[in-house]
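Chains P and D, in that order, are what the protein sequence lines are.
In terms of the working numbering, the numbers along the first sequence are unbroken and rise by one, the last being 375.
In terms of the working numbering, the numbers along the second sequence are unbroken and rise by one, the last being 266.
Beta carbons are placed, not taken as given, at the ideal position from N, Cα and C, and that holds for glycine.
Heads up, the thing below is written out as structure tokens.
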Amino acid sequence: MPPLARRNLLHDKVRLAVTLTGIVFAVVLIVVELGLFVGFTVTTSSIIDKSNVDLWIVSRRTPYIEQGNAFSERKFYQVLGTAGVASAEKYIVHWAQWKTPQGAQESVQVVGFNTHTRLGGPWNLVAGRLEDLRTPDAIIMDELYKEKLGVTRIGDICELAGRRARVVGFTRGIRSFTTSPYVFTDFKNAQAYTGLPEDQTYFILVRAKPGTDLPALARMLESRVSDVDVLPTAKFSSMTRFYWMFTTGAGVAVLIAAVLGFIVGVVVVAQTIYATTMDHIREYGTLKAMGAANSYIYRVVITQAGISSVVGYVLGMFVSIFIVRASASGGAAILLPWQMAVVIFFLTLLMCVIAAIVSINKVTNIDPAMVFKA
Amino acid sequence: MSTQISIRQVKKFFQEGARGVPVLHGIDLDVGAGEVVLIMGPSGSGKTTLLSIMGCILRATSGSVRIAGREVATLPERELPAVRLQHIGFIFQGFNLFPTLTVGENVELSLDLKGVPTARAKEEARRLLEQVDLADKCDSFPADLSGGQKQRVAVARALAGSPSLILADEPTAALDSHSGRNVMRILQNLAHAQNKAVVVVTHDNRVLEFGDRIVRMEDGRIVSTTVAQGFQTPPPLPAIGEWQSA
């Protein structure tokens, strides 16, 4: 096939630039919004997803991790005594008040875990050692929140829930969706920081023995331990994600923005492809008069849309990757996993094909007799 | 001489509001292979409408249109493009070349529509351009050609795929007399040397000498048919006069 679509597209360079700008704008908007959605989603449940355990035991009807209620540690011993349980750990995630050296108050989430087994502990440690948390006032926080919490280096002393807190390490990239940074500490310290009585815990983390039927173990634990829900890690993770992304509306907002990006893209591309089609309407009439089937002409219009979408996608991705990298050091992560890049490629193609439909409708209705009008 | 297109009692009405306005009143016309037929007449006489019906672009309100022996007046709309593609080559007053394609690609496009593979289409396009003496312009764009050259490219394009019927709408109207005669000479050669049936709608009296038959229309009717001296008309329609060179 002679390169009619490509040549028609390149013929008017200003219009091509407008088309590509529209597509790039749409691609970037979709990447940013979907990337924020993915980033938010991952962030909301990262503590659960990285816990490296099989089951979470939570007080009954706990909808998400930040809403945990304290219960007696007697249940912990009931869990330990259940067949199929390889290990279990008490675990705390709870709000507390942080006071910076400058005197400002910030809300944080204290994460208390067993520093010997390290289940539910921090990851991506870039400064300090986990063992250093075993001293009474030691905490580890993420370097992203240094400024927010008034911390500059290891050894800094701050105030957490009215008690002394000494920074012994930093992680990288452990964000908090709630904007209250996670502060990791030993379980005993966490009890003190959150005011939790010594015989209580907020969660129990369970690792099953290899080969154990997890649903069966969960049912058994629920029957043995009263007033708790026993949730597989993936389920508790999805409950937490669902709460933050959909019940609060935060996720819906970014998804709507992504859809708006798609619609803006369709409108901009439809306008420019339609204008290009109208510029060449007589040529399409000639094609029809010569005997071209409608499908041949559709192919020309769709090829134009396809070329626009591929070029626009590549340019849009360049801009997006720059934004995604810039966001790595910010409070809100924009993630771009390769699967999302593939999905956005097909979304861009779809956007351009939808945009071409208006033009296709126009050329379908061309009267080939127009060619006899000089 | 075999008849390539045969028209019987073709009538055409255009709808104007509630009433139908008659444009053609029962036209009978046969065009044979190897013949150049000029259709002449004043504006509004129905020549272009007749050409559009011959080209399966417009449908007759009633009557019969047979192309290469096949009745096309009753074919469903969706089958008409294939008839045009297979049997008819078009030449337009405004050339209607694709400005973003090279001269060669313009001709290739016509072959591509007919399903000719790319490599063969390239060879064939060059051969057709040689026929109209434009092989050296194969890689030029239409904007770089004169009007006469553009029309010769249009002729080459019309010949792509070797249709038996060439329909030309005012092919010399936008050309100077030298270029116009040149184009008409090519069309005449196509008819006489390649046995094509060529129908030319024209206002241009300068091209009369190239017609084997001149059909004059007025008010949607054929009012006279003039046959060039020594030319044998196709069997069904008798000659009604002898054409004298202007």
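With respect to Ala213 of chain D, Val127 of chain D sits apart: the two C-beta atoms are not nearer than 8 Å.
Closer than 7 Å at the C-beta level to chain P, one finds these residues of the segment 111-126 of chain D: Phe112, Gln113, Gly114, Asn116, Phe118, Thr120, Leu121, Glu125.
Residue environment analysis places Tyr78 of chain P among the exposed positions, since fewer than 16 neighbouring C-beta atoms fall within 10 angstroms of its C-beta. Taking all protein chains in view, the Cβ of Ser227 of chain P is surrounded by fewer than 16 other Cβ atoms within 10 Å, so the residue is classified as exposed.
In the assembly as shown, Asp159 of chain D is an exposed residue. Its beta-carbon has fewer than 16 other beta-carbons within 10 Å.
The shortest CA-to-CA distance from Ile27 of chain D to any of D:Gly54, D:Phe34, D:Ala211, D:Gly75 is the one to D:Gly75.
Distances from the CA of Val94 of chain P to each of P:Lys289, P:Ile303, P:Ser177 were compared; the closest alpha carbon is that of P:Ser177. Straight across, the Cα-Cα distance linking Leu161 of chain P with Ala235 of chain P is about 31 Å.
The Cβ neighbour count for Pro123 of chain P, taken over all protein chains shown within 10 Å, is at least 16; the residue is labelled buried. The shortest CA-to-CA distance from Asn53 of chain P to any of P:Asn9, P:Asn115, P:Leu30 is the one to P:Asn115. Within the segment 88-108 of chain D, those residues whose Cβ lies closer than 8 Å to any Cβ of chain P are, in chain order, Pro101, Ala102, Val103, Arg104, Leu105, Gln106, Ile108. Proximity of the segment 13-22 of chain P to the segment 230-248 of chain P falls short of the contact definition, fewer than three beta-carbon pairs being nearer than 8 Å.
For Met371 of chain P, the closest alpha carbon among the candidates D:Gly114, D:Val219, D:Leu228 is that of D:Gly114. The beta-carbon distance between Leu148 of chain D and Ala188 of chain D, rounded to whole angstroms, is 16 Å. This is too long to meet the 8 Å contact definition. For Ser72 of chain D, at least one C-beta of chain P is nearer than 8 Å to its own C-beta. Put simply, of P:Met352, P:Arg130, P:Leu150, P:Thr180 the residue whose alpha carbon is nearest the alpha carbon of Thr45 of chain P is P:Thr180. Looking at the DSSP output, Thr186 of chain P shares a beta bridge with P:Gly113.
In its chain, beyond the 5 residues on either side, Leu126, Ala128, Gly129, Arg130, Asp133, Ile141, Ile155 have a beta carbon closer than 7 Å to the beta carbon of Gly170 of chain P. The segment 286-299 of chain P makes contact with the segment 354-365 of chain P: 3 or more CB pairs, one atom from each, lie closer than 8 Å. Under the Cβ criterion (8 Å, minimum of three pairs), the segment 226-246 of chain D counts as touching the segment 61-78 of chain D. Chain-order list of chain P residues neighbouring Thr68 of chain D: Phe373, by C-beta distance under 7 Å. Neighbourhood of Ser130 of chain D in chain P, by CB distance below 7 Å: Met291, in chain order. Restricting attention to P:Asp230, P:Asn190, P:Gly212, the CA atom closest to the CA of Leu206 of chain P is found in P:Asp230. Taking the Cα positions, Glu199 of chain P is about 17 Å away from Ala89 of chain P. Sequence-distant partners of Ala219 of chain P (beyond 5 residues in either direction) whose C-beta falls short of 8 Å from its own C-beta, in its chain, are Leu56, Val231, Leu232, Pro233. Within chain P, the C-beta atoms nearer than 8 Å to that of Leu78 of chain D come from Ala370, in chain order. Taking a cut-off of 8 Å for Cβ pairs, the segment 253-268 of chain P and the segment 25-39 of chain P touch, as three or more such pairs fall below it. Linking Gly69 of chain P to Thr153 of chain P through their CA atoms gives a straight-line distance of about 31 Å.
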